[in-house]
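Just so you know, the protein sequences line up as chains A and B, in that order.
Going by our numbering, the residue at position 42 of the first sequence is 42; the numbering climbs one at a time, nothing skipped.
Take any residue in the second sequence, note its place counting from 1, add 113, and you have its number in our numbering.
Beta carbons are placed, not taken as given, at the ideal position from N, Cα and C, and that holds for glycine.
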Amino acid sequence: GENVEQHPSTLSVQEGDSAVIKCTYSDSASNYFPWYKQELGKGPQLIIDIRSNVGEKKDQRIAVTLNKTAKHFSLHITETQPEDSAVYFCAATSNSGYSTLTFGKGTMLLVSP
Amino acid sequence: GAGVSQSPSNKVTEKGKDVELRCDPISGHTALYWYRQSLGQGLEFLIYFQGNSAPDKSGLPSDRFSAERTGGSVSTLTIQRTQQEDSAVYLCASSLEGWNEQFFGPGTRLTVL
Numbered sequence: 001g002e003n004v005e006q007h008p009s010t011l012s013v014q015e016g017d018s019a020v021i022k023c024t025y026s027d028s029a030s031n032y033f034p035w036y037k038q039e040l041g042k043g044p045q046l047i048i049d050i051r052s053n054v055g056e057k058k059d060q061r062i063a064v065t066l067n068k069t070a071k072h073f074s075l076h077i078t079e080t081q082p083e084d085s086a087v088y089f090c091a092a093t094s095n096s097g098y099s100t101l102t103f104g105k106g107t108m109l110l111v112s113p
Numbered sequence: 114g115a116g117v118s119q120s121p122s123n124k125v126t127e128k129g130k131d132v133e134l135r136c137d138p139i140s141g142h143t144a145l146y147w148y149r150q151s152l153g154q155g156l157e158f159l160i161y162f163q164g165n166s167a168p169d170k171s172g173l174p175s176d177r178f179s180a181e182r183t184g185g186s187v188s189t190l191t192i193q194r195t196q197q198e199d200s201a202v203y204l205c206a207s208s209l210e211g212w213n214e215q216f217f218g219p220g221t222r223l224t225v226l
């Protein structure tokens, strides 16, 4: 089955700095890679996703890059703000008939003012 | 519109008791998923329902865990003879058929004393 590794487990940055979270996956058939943000006491919320037919996707301050050859994908947050502080999860799926996601263990991002 | 809702938000029970956790998916979503999130860990897949197909139970950790989905909508996750290691946040998600994007509820925090 799929295995997703996520690094780092914790990340502290100053407001305005950039943050990068990296994930690797094992199943070369995986073709959908979402990122979720989980705030304290809430369920995860989808913030951006990428499919295997593109290498990069941007949405305002957030971008995701995908390297299919190396089987890794990354989340980039620019101009970080205190409200970006949360736990971020990457995930992968092969969509082979159904779409059960395999999640990384999460990265706790702390943005200090 | 309304998102995924779960009840109760918190449940404290004694070891050996049975518990039922409820999930109301987004109206029209045919796929429903249950995950377990232990402290500091990622999301562990438990079970997946898609329309009228047989559920994918491959993630259930033991035969004490079961789930039903009535009328293609509301789902109940039942844990029998609870153990302390069952303490976790149980998350439900739903998605449209054929779509990967999963929308999560706020979770039920289960504490087994």
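So, are the CB atoms of residue i and residue j less than 8 angstroms apart?
{"i": "A/S9", "j": "A/I77", "result": "no"}
{"i": "A/L75", "j": "A/S52", "result": "no"}
{"i": "A/Y25", "j": "A/E2", "result": "yes"}
{"i": "B/R149", "j": "B/Y203", "result": "yes"}
{"i": "A/C23", "j": "A/V54", "result": "no"}
{"i": "B/L226", "j": "B/V125", "result": "yes"}
{"i": "B/A201", "j": "B/L173", "result": "no"}
For residue i, which residues in chain B fall below 7 angstroms Cβ to Cβ?
{"i": "A/Y32", "result": "N213"}
{"i": "A/K105", "result": "Q154 and G155"}
Using a cut-off of 9 angstroms between C-beta atoms, extract the partners of residue i located in chain B.
{"i": "A/L101", "result": "Y146, Y148, L156, F158, A206, N213 and Q215"}
Check the Cβ of residue i against every Cβ in chain A and list those closer than 7 angstroms, keeping chain order.
{"i": "B/P219", "result": "K42 and G43"}
Using a C-beta to C-beta distance shorter than 8 angstroms, which residues of chain B count as neighbours of residue i?
{"i": "A/T93", "result": "N213"}
{"i": "A/L115", "result": "Outside the modelled stretch of chain A, which goes from 1 to 113, sits residue 115 of chain A, for which no answer is possible."}
{"i": "A/D49", "result": "N213 and E214"}
{"i": "A/F89", "result": "G155 and L156"}
For a contact defined as C-beta to C-beta under 9 angstroms, what are the partners of residue i on chain A?
{"i": "B/D137", "result": "Simply none; closest approach about 13 angstroms."}
What does residue i reach in chain A if we use C-beta pairs closer than 8 angstroms?
{"i": "B/Y203", "result": "Chain A residues near B/Y203: none, gap ~11 angstroms exceeds 8 angstroms."}
Compute the beta-carbon to beta-carbon distance between residue i and residue j, rounded to the nearest angstrom, for a pair I have assumed lies under 8 angstroms.
{"i": "A/F33", "j": "A/F73", "result": "5 angstroms"}
query = Fully enclosed by the segment 26-75 of chain A, which beta strand (DSSP E) runs are 3 residues long or longer?
reply = The qualifying runs are 32-38, 45-51, 56-59 and 62-67.
query = Curious, which full-length beta strand (DSSP E) runs of at least 3 residues does the segment 167-203 of chain B contain?
reply = Complete beta strand (DSSP E) runs here, min 3: 178-182 and 188-192.
Cβ contact check for the segment 130-147 of chain B and the segment 187-200 of chain B: 3 or more pairs under 8 angstroms = For the pair of segments examined, the segment 130-147 of chain B was found to touch the segment 187-200 of chain B: the number of CB pairs separated by less than 8 angstroms reaches three.
query = Is there contact here, the segment 164-179 of chain B with the segment 218-226 of chain B, by at least three beta-carbon pairs under 8 angstroms?
reply = No: the two stretches stay apart, fewer than three of their Cβ pairs being nearer than 8 angstroms.
message = List, from N- to C-terminal side, the beta strand (DSSP E) runs of 3 residues or more that fit wholly inside the segment 118-169 of chain B.
response = Whole beta strand (DSSP E) segments, 3+ residues: 118-120, 123-126, 132-137, 144-150 and 156-163.
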